[in-house]
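J.: Please see the structure below; I have some questions.
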Amino acid sequence: MQRRIPRTRIRRTVAAMAATAGVFALTACGSGFNDPQASGGASGSAGALSSSDQPLTVLIGSSGDAETAAVKSAVADWSSSSGTKATVQAASDLNQQLSQGFASGKPADVFYLGADTFANYAKQGSLLAYGDQLKNKDDYYPSLVTNFTYDGKFTCAPKDFSTLALEINTKMWDAAGLTDADVPTTWDQLKSVAQKLTTPKVAGLVTSNEYQRLGAFMVEAGGNLMNDTSTKATADSAANKQALTYVQDGLKSGWWKFTTDVGAGWGGEAFGKGQAAMTIEGNWITGAMKSDYPDVDYKVVPLPAGPAGKGTLQFTNCWGIAADSPNQAAALKLVEQLTSSDDQLAFAKAFGPMPSVQSAADGWKKIYPDYSAFIDSADFAKGVPTAAGNGDVVTDLNSKLGSLKTADIDSLLGTAQKNLSALQG
């Protein structure tokens with residue numbers, strides 16, 4: 253849920269480019285915010301790994317044929333070299349199939365798992381906490397490791413990730429008399445260029461009304477919904493109020509509009525149809541633009557810094573290993589291979605995701621030189637909440653952000669604070 257991107261077929265492109273971090277969200281059990289998950293203990297320790305002759309099963313949430321083929325090829329190569337049989341299944345509904353597997357006591361050995369859902373499974377004791385046994389554990393971006401740390405344990409290896417950046421329609425930019433020197437690096441500059449780009453038919457900036465976009469401004473103001481480890485609610489901070497006030501002022505002034513205001517399903521659609529001169533999306537937008545709006549010329553730049561400095565949101569998922577897997581040792585070896593620099597760059601070429609290991613960053617930028625702003629933003633990116641049960645809270649917040657233009661910000665953030673605090677017991 254955390255990314256909540258396009259409601260159309262673009263979801264498939266999103267999954268490819270952004271590693272499906274939020275598309276496969278698992279909402280909390282129960283009807284209240286303070287009942288995030290049935291108690292089941294902590295994730296299984298990786299001290300003594302199970303080992304057997306049984307083949308591995310790998311369950312993925314695929315964006316399409318390119319991703320499925322790339323993962324199957326990589327797993328087949330590993331299987332051939334290791335001597336351990338392994339099969340890959342592309343789930344039709346990853347959430348449902350994961351839940352059914354755990355409920356039946358026969359989960360896949362290895363599987364995709366979103367940052368916003370893994371804590372639910374970790375709380376149940378369904379996951380092997382194997383992160384500290386990875387040979388390449390120091391190569392992952394530290395912020396991604398934080399995303400997948402539960403109860404102090406690095407639980408699962410980040411598979412890939414995405415960040416938000418600013419996309420600019422270069423034709424509209426030039427027509428407004430703007431140059432490279434005008435690319436905004438502060439909030440004031442963003443407002444200034446958006447005003448110049450706004451016409452009766454085009455909004456200077458169009459974004460979705462969700463935390464998964466507006467939260468970037470919270471980070472730039474020095475806030476976020478929770479602290480970095482998702483152990484403390486910080487929704488009602490002064491920084492978050494400052495961020496939403498900036499957005500609200502933009503909406504009232506007319507240089508900022510939400511996708512719902514222009515009849516678009518997501519920022520990429522508004523941008524592609526020429527309803528927006530600028531939008532804020534992740535690297536999944538590149539695939540959508542190429543397939544659906546190939547004639548639109550645009551450039552990607554980092555989000556402008558806020559009062560607290562540079563900031564953006566990141567979205568990610570990991571390779572989960574089942575605590576009940578009879579062949580954890582082989583599963584760990586497979587994950588190490590799939591998250592190696594070579595395999596992740598092969599995935600990048602095949603279907604576009606950004607690698608989770610720092611050693612592959614330069615290689616990714618060579619493949620996608622025009623989109624380097626996305627991976628460069630990893631240095632100042634913050635993750636979305638990962639506390640068990642957070643999905644319902646963010647959904648509730650998003651339902652209120654749609655009316656941000658006239659909303660009472662203190663009340664809006666106060667409700668989110670109360671709901672997030674309830675998750676902490």
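This note's numbering numbers the first residue of the sequence shown as 253 and each following residue consecutively.
We treat Cβ as the ideally placed atom computed from N, Cα and C, and that holds for glycine.
It should be emphasised that the depicted structure is a prediction, and the values quoted were computed from it without experimental measurement.
To the nearest angstrom, how far is it from the Cα of Leu584 to the Cα of Ala433?
T.: Stepping through the sequence shown from its first residue, residue 584 is reached at position 332. Stepping through the sequence shown from its first residue, residue 433 is reached at position 181. C-alpha separation (whole angstroms): 48 angstroms.
J.: Going by CA-CA distance only, name the one from Ser304, Leu301, Val636 and Lys484 that's closest to Ala674.
T.: In the sequence shown, residue 674 corresponds to position 422, counting from 1. Checking every option, the nearest Cα to that of Ala674 belongs to Lys484.
J.: Take Ala491 and list the residues in its own chain whose beta-carbon comes closer than 6 angstroms to its own, dropping the five residues that flank it on each side.
T.: The residue labelled residue 491 in the question sits at position 239 within the sequence shown. Closer than 6 angstroms at the Cβ level, and outside the excluded window around Ala491, lie Ala473, Gly474 and Gly475.
J.: Leaving out five residues on either side along the sequence, give the residues of the same chain with a beta carbon under 7 angstroms from the beta carbon of Lys617.
T.: Mapped onto the sequence shown, residue 617 falls at position 365. The residues are Ser624 and Ile627.
J.: So does the stretch 533-542 actually touch the stretch 401-411, counting three or more Cβ pairs closer than 8 angstroms?
T.: No: fewer than three Cβ pairs fall under 8 angstroms.
J.: Could you check if Ala381 is buried or exposed, using at least 16 other CB atoms within 10 Å of its CB as the buried criterion?
T.: Residue mapping note: residue 381 aligns to position 129 of the sequence shown, counting from 1. By the 10 Å Cβ count, Ala381 comes out buried.
J.: Who are the Cβ neighbours of Asp287 in its own chain at under 6 angstroms, not counting the five residues just before and after it?
T.: Locating residue 287 in the sequence shown gives position 35, where the first residue counts as 1. Summary for Asp287: the model assigns pLDDT 36, below 50, so the residue's position carries little reliability, and this model does not support an answer.
J.: Rounded to the nearest angstrom, what separates Lys423 and Asp345 at their Cα positions?
T.: Taking the sequence shown and counting its residues from 1, one reaches residue 423 at position 171. Taking the sequence shown and counting its residues from 1, one reaches residue 345 at position 93. Their backbone Cα atoms lie some 40 angstroms apart in a straight line.
J.: Please look up how many angstroms separate the CB atoms of Trp507 and Leu457, rounded, as I've assumed it's under 8 angstroms.
T.: Taking the sequence shown and counting its residues from 1, one reaches residue 507 at position 255. Taking the sequence shown and counting its residues from 1, one reaches residue 457 at position 205. Contact flag correct, Cβ pair sits at about 6 angstroms.
J.: Under three-state DSSP, which class holds Trp536?
T.: Within the sequence shown, residue 536 is the residue found at index 284, counting from 1. Coil at Trp536, not helix or strand.
J.: Should Ala277 go down as buried or exposed, given a rule of 16 or more other Cβ atoms within 10 Å for buried?
T.: Mapped onto the sequence shown, residue 277 falls at position 25. No answer about Ala277 holds up, because its pLDDT of 32 lies below 50 and its placement is not dependable.
J.: Using a 10 Å radius around the Cβ and a threshold of 16 neighbouring Cβ atoms, would you call Asn372 buried or exposed?
T.: Here residue 372 corresponds to residue number 120 of the sequence shown, with the count starting at 1. Answer is buried; the Cβ neighbour count reaches 16.
J.: In angstroms, rounded to a whole number, what distance separates the CA positions of Thr658 and Gln500?
T.: Numbered from its first residue, the sequence shown carries residue 658 at position 406. Numbered from its first residue, the sequence shown carries residue 500 at position 248. Looking at the two C-alpha atoms, the distance is approximately 8 angstroms.
J.: Let me know the beta strand (DSSP E) ranges lying completely inside the stretch 545-629, each 3 residues or longer, listed in chain order.
T.: DSSP runs (the beta strand (DSSP E)) wholly in the stretch 545-629: 550-553 and 564-573.
J.: Tell me the DSSP bridge mates of Ala485?
T.: Along the sequence shown, read from residue 1 onward, the residue named residue 485 stands at position 233. Ala485 pairs with Met478.
J.: Which stretch, first to last residue, makes up the alpha helix (DSSP H) that contains Gln494?
T.: Working through the sequence shown from its first residue, we reach residue 494 at position 242. Segment Ala490 to Ser505, the alpha helix (DSSP H) holding Gln494.
J.: Which of helix, strand or coil does DSSP assign to Leu245?
T.: With the chain running from 253 to 677 in the structure shown, residue 245 is simply not present.
J.: With distances taken Cα to Cα, identify the nearest neighbour of Gly467 among Val445, Asp305 and Leu496.
T.: On the sequence shown, residue 467 is found 215 positions in, with the first residue counted as 1. For the residues Val445, Asp305 and Leu496, the minimum Cα distance to Gly467 belongs to Leu496.
J.: Would you check if there are 3 or more beta carbon pairs closer than 8 angstroms linking the stretch 336-355 to the stretch 303-314?
T.: Taking 8 angstroms as the limit for Cβ pairs, the verdict is that the stretch 303-314 does touch the stretch 336-355.
J.: Going straight from the alpha carbon of Asp368 to that of Thr481, what length do you get?
T.: Here residue 368 is taken as the residue at index 116 of the sequence shown, counted from 1. Here residue 481 is taken as the residue at index 229 of the sequence shown, counted from 1. Looking at the two C-alpha atoms, the distance is approximately 12 angstroms.
J.: Using the Cβ count rule (16 or more neighbours within 10 Å means buried), how would you classify Pro410?
T.: As a first step, residue 410 must be located in the sequence shown, where it is residue number 158. Classification for Pro410: buried.
J.: Looking at the secondary structure, which residues open and close the alpha helix (DSSP H) in which Asp702 lies?
T.: Because residue 702 is not part of the residues shown, which for the chain are 253 to 677, the question remains open.
J.: Let me make sure I understand the geometry here. Which of Asp648, Leu301, Ser303 and Ser302 has the alpha-carbon closest to that of Leu477?
T.: Walking along the sequence shown from the start, residue 477 turns up at place 225. Cα-wise, what sits closest to Leu477 is Asp648.
J.: Assuming Cys408 and Phe354 make a contact with CB atoms under 8 angstroms, what is their CB distance in whole Å?
T.: Taking the first residue of the sequence shown as position 1, residue 408 is located at position 156. Taking the first residue of the sequence shown as position 1, residue 354 is located at position 102. About 15 angstroms separates the two Cβ atoms, so there is no contact after all.
J.: What is the C-beta distance between Tyr550 and Asn421, in whole angstroms, given that I count them as a contact (C-beta under 8 angstroms)?
T.: Here residue 550 corresponds to residue number 298 of the sequence shown, with the count starting at 1. Here residue 421 corresponds to residue number 169 of the sequence shown, with the count starting at 1. Yes, Tyr550 and Asn421 are in contact; Cβ-Cβ is about 5 angstroms, under 8 angstroms.
J.: Taking only the alpha-carbon atoms, compute the straight-line gap between Asp594 and Asp544 and give it to the nearest angstrom.
T.: In the sequence shown, the residue the question calls residue 594 occupies position 342. In the sequence shown, the residue the question calls residue 544 occupies position 292. Each residue's Cα considered, the two are about 30 angstroms apart.
J.: Reducing DSSP to helix, strand and coil, say where Asp660 ends up.
T.: Indexing the sequence shown from 1 puts residue 660 at position 408. In this structure, Asp660 counts as coil in the three-state DSSP scheme.
J.: Using only alpha-carbon positions, find the residue among Asp662, Ala455, Ser611 and Lys389 that is nearest to Phe523.
T.: As a working note, residue 523 is residue 271 in the sequence shown. Comparing Cα-Cα distances from Phe523 to each of Asp662, Ala455, Ser611 and Lys389, the minimum goes to Ala455.
J.: Have a look at the DSSP bridge pairing and note the partners of Val340.
T.: As a working note, residue 340 is residue 88 in the sequence shown. Paired residue(s): Val310.
J.: To the nearest angstrom, how far is it from the Cα of Leu430 to the Cα of Ala446?
T.: Locating residue 430 in the sequence shown gives position 178, where the first residue counts as 1. Locating residue 446 in the sequence shown gives position 194, where the first residue counts as 1. One C-alpha to the other measures close to 11 angstroms.
J.: Grouping DSSP H, G and I as helix and E and B as strand, with all else coil, what is Asn421?
T.: Your numbering for residue 421 matches position 169 in the sequence shown. Here Asn421 sits in strand by DSSP.
J.: Roughly how many whole angstroms lie between the Cα atoms of Ala639 and Tyr393?
T.: Your numbering for residue 639 matches position 387 in the sequence shown. Your numbering for residue 393 matches position 141 in the sequence shown. Roughly 20 angstroms between the two C-alpha positions.
J.: Assuming Ser608 contacts Gln596 under a Cβ cut-off of 8 angstroms, what Cβ separation, rounded to an integer in Å, is found between them?
T.: The count along the sequence shown starts at 1 and reaches residue 608 at position 356. The count along the sequence shown starts at 1 and reaches residue 596 at position 344. About 7 angstroms; that satisfies the 8 angstroms criterion.
J.: Under a three-way DSSP split, which group does Gly467 fall into?
T.: Locating residue 467 in the sequence shown gives position 215, where the first residue counts as 1. Gly467: helix per DSSP, three-state reduction.
J.: Whose C-beta lies closer than 7 angstroms to the C-beta of Gly293 among residues of the same chain, with five residues either side of it excluded?
T.: For this step, residue 293 is matched to residue 41 along the sequence shown. Bear in mind that the predicted position of Gly293 carries a pLDDT of just 39, short of 50, making it too unreliable to give a figure here.
J.: Is DSSP giving Asp305 helix, strand or coil here?
T.: Reading the sequence shown from its first residue, position 53 is the one you call residue 305. In this structure, Asp305 counts as coil in the three-state DSSP scheme.
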